[in-house]
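Worksheet: the structure to be examined is printed underneath.
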Amino acid sequence: MLHFISILNTLIFSFISLLHLYWVFGGQWGIDSAMPDDYKESFNTNTKSSIIATIIVALGLAYFAIIEYSVSNNILSLNQKWIKYSFIVIILIFLIRSIGDFRHFGFFRKIESGKFTSADRNIFSPLCLYLSISTVFLFWKYFSS
Numbered sequence: 360m361l362h363f364i365s366i367l368n369t370l371i372f373s374f375i376s377l378l379h380l381y382w383v384f385g386g387q388w389g390i391d392s393a394m395p396d397d398y399k400e401s402f403n404t405n406t407k408s409s410i411i412a413t414i415i416v417a418l419g420l421a422y423f424a425i426i427e428y429s430v431s432n433n434i435l436s437l438n439q440k441w442i443k444y445s446f447i448v449i450i451l452i453f454l455i456r457s458i459g460d461f462r463h464f465g466f467f468r469k470i471e472s473g474k475f476t477s478a479d480r481n482i483f484s485p486l487c488l489y490l491s492i493s494t495v496f497l498f499w500k501y502f503s504s
């Protein structure tokens with residue numbers, strides 16, 4: 360079970376990371392529902408700062424994929440403290456993301472219209488909650504043995 364969850368999470372993080380890189384290089388698939396309409400106005404995908412921010416997100420997600428994969432496959436010889444803190448960061452980021460900002464995204468959002476809202480309700484928030492809970496499980500199994 361540990362290996363399956365580790366691989367599944369690795370694939371999810373890898374896919375999302377590659378999707379962000381796809382957007383950096385001008386890809387359009389999925390970009391319409393990637394963020395709330397209010398945010399799209401201030402986050403022009405053609406500006407240097409938004410490209411850099413998207414690259415940083417892609418690199419962070421790739422790092423999360425490596426950390427999750429390393430748990431069941433021992434490919435990294437990282438300090439146990441470093442892995443532990445990385446897991447805590449992953450858990451908190453995705454738990455907070457699933458809860459949301461109480462306005463635009465997350466399970467407790469107030470705005471209920473638009474492409475993003477539908478994707479957030481059906482895909483993004485449940486996926487973030489899954490990633491948080493499954494990473495708690497991996498953390499517990501990895502550090503309790």
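Numbered by the numbering used here, the letters in the sequence shown go through residues 360 to 504 in order.
We treat Cβ as the ideally placed atom computed from N, Cα and C, and that holds for glycine.
Residue from the options whose Cα sits closest to the Cα of residue i
i	options	result
A393	S491, Y489, K474, P485	K474
L420	D397, I492, L377	L377
I375	F483, I364, V448	F483
Rounded distance between the beta-carbons of residue j and residue i, thought under 8 Å
i	j	result
F423	F372	5 Å
H463	I470	6 Å
S344	E427	For residue 344 there is no data in the structure shown, the boundaries of the chain being 360 and 504.
K500	L370	Not quite, the Cβ-Cβ distance comes to about 19 Å (not below 8 Å), so this is no contact.
Cβ pair residue i, residue j closer than 7 Å
i	j	result
C487	S445	no
I425	T494	no
H379	T413	yes
S409	F453	no
Three-state class that DSSP yields for residue i in the structure shown
i	result
L437	coil
F384	coil
F363	helix
E427	helix
R462	coil
R480	helix
P395	coil
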